[in-house]
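Residue numbers (the numbering used here): 854 to 1145.
Have a look at this one:
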């Protein structure tokens, strides 16, 4: 894990530099919007999705310069989704990454515009990258972000509040809300490396689906066992909002077992690949055992 964390920090620092350059400066008009965009994107977060782009692309032989735009794009989409998710009309969270949510630091209209602008910037970066697979990257990220992906999953999540879901319905909801963008990150890394081999792509998609599931289960567990200072967001919100979760369906120990199973399935998916997958395997373990 020490080796993985060192590599993740390398990619995080590279991403931070790229985002800093891509985002408008705070002195550029409209200043409040640009300041809020930078506030909501820089200096925080696990950067899991962006790191997946880098780790996957690197394992398949892509150069770091070819991975910067897709890594930044997927992180911008994630940042926009968090800004909108925190709004009172969604999850109504006042704390994000250990600091006030965007709509608390500014106001609700600004937060809406921040999300819109970050989403637009994500696709601008991909289109401007001039990578030979840029159009495919735009398609992958758009599909994962829309009604058949992240936005659709959020709609299902909002509709599930106060309802009883079965395990299949819960998995479908989170496969869209959380898993789609994680899957897109892995696929963007493969596209940047110009990988077309069907078996490789299938194995990577299975890997992404498994870690997406493991990530969400661990998130649900941390909402119970974690603390606000470590997580950087309010704990206990799932129960307060009466949301269906893996612990509520499986029990806490059952959820932990399901997370371990997801990790094992992710690692097993990588065993068929003829590339160095050690860091991707370590990431699967990291995702399902993290403390924040």
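No residue lacks a Cβ here, since even glycine has one placed at the ideal position from N, Cα and C. Because the structure is a prediction, the values reported are computed rather than measured.
Continuous alpha helix (DSSP H) stretch holding residue i: start and end
i, result
"residue 887", "884-894"
"residue 1093", "1090-1093"
"residue 907", "901-912"
"residue 927", "917-938"
"residue 1193", "This structure cannot speak to residue 1193, because the chain is shown only from 854 to 1145."
"residue 1053", "1051-1078"
"residue 977", "961-981"
"residue 869", "855-875"
Whether residue i touches residue j by CB criterion (7 Å)
i, j, result
"residue 898", "residue 983", "no"
"residue 905", "residue 1020", "no"
"residue 929", "residue 975", "yes"
"residue 1017", "residue 1069", "no"
"residue 1034", "residue 997", "yes"
"residue 1146", "residue 891", "Within the shown structure, residues of the chain are numbered from 854 to 1145, placing residue 1146 beyond reach of any answer."
"residue 1098", "residue 1116", "no"
"residue 1119", "residue 1074", "no"
"residue 979", "residue 932", "no"
"residue 1056", "residue 1122", "yes"
"residue 946", "residue 954", "yes"
"residue 903", "residue 1045", "no"
"residue 967", "residue 1095", "no"
"residue 1076", "residue 1088", "yes"
"residue 948", "residue 964", "no"
"residue 886", "residue 924", "no"
"residue 857", "residue 1135", "yes"
Burial state of residue i (16 or more Cβ within 10 Å)
i, result
"residue 1064", "buried"
"residue 1131", "exposed"
"residue 1129", "exposed"
"residue 874", "exposed"
"residue 944", "buried"
"residue 911", "buried"
"residue 861", "buried"
"residue 1040", "buried"
"residue 992", "exposed"
"residue 999", "exposed"
"residue 1048", "buried"
"residue 962", "exposed"
"residue 1127", "exposed"
"residue 973", "exposed"
"residue 1112", "buried"
"residue 981", "exposed"
"residue 878", "exposed"
"residue 922", "buried"
Sheet register partners of residue i (DSSP bridge)
i, result
"residue 1116", "Residue 1116 is not bridged to any residue."
"residue 952", "949"
Per-residue DSSP class, three states only, for residue i
i, result
"residue 943", "coil"
"residue 1000", "coil"
"residue 1035", "helix"
"residue 1046", "coil"
"residue 1142", "helix"
"residue 1096", "coil"
"residue 1087", "coil"
"residue 1127", "coil"
"residue 1018", "coil"
"residue 984", "coil"
"residue 897", "coil"
Closer than 6 Å: residue i CB and nearest the ligand GDP heavy atom
i, result
"residue 993", "The model on display carries no ligand, and the ligand GDP is accordingly not part of it."
is_contact[residue i, chain B] using C-beta, thresh 7 Å
i, result
"residue 972", "Going by chain labels, chain B is absent from the structure shown, which holds only one protein chain."
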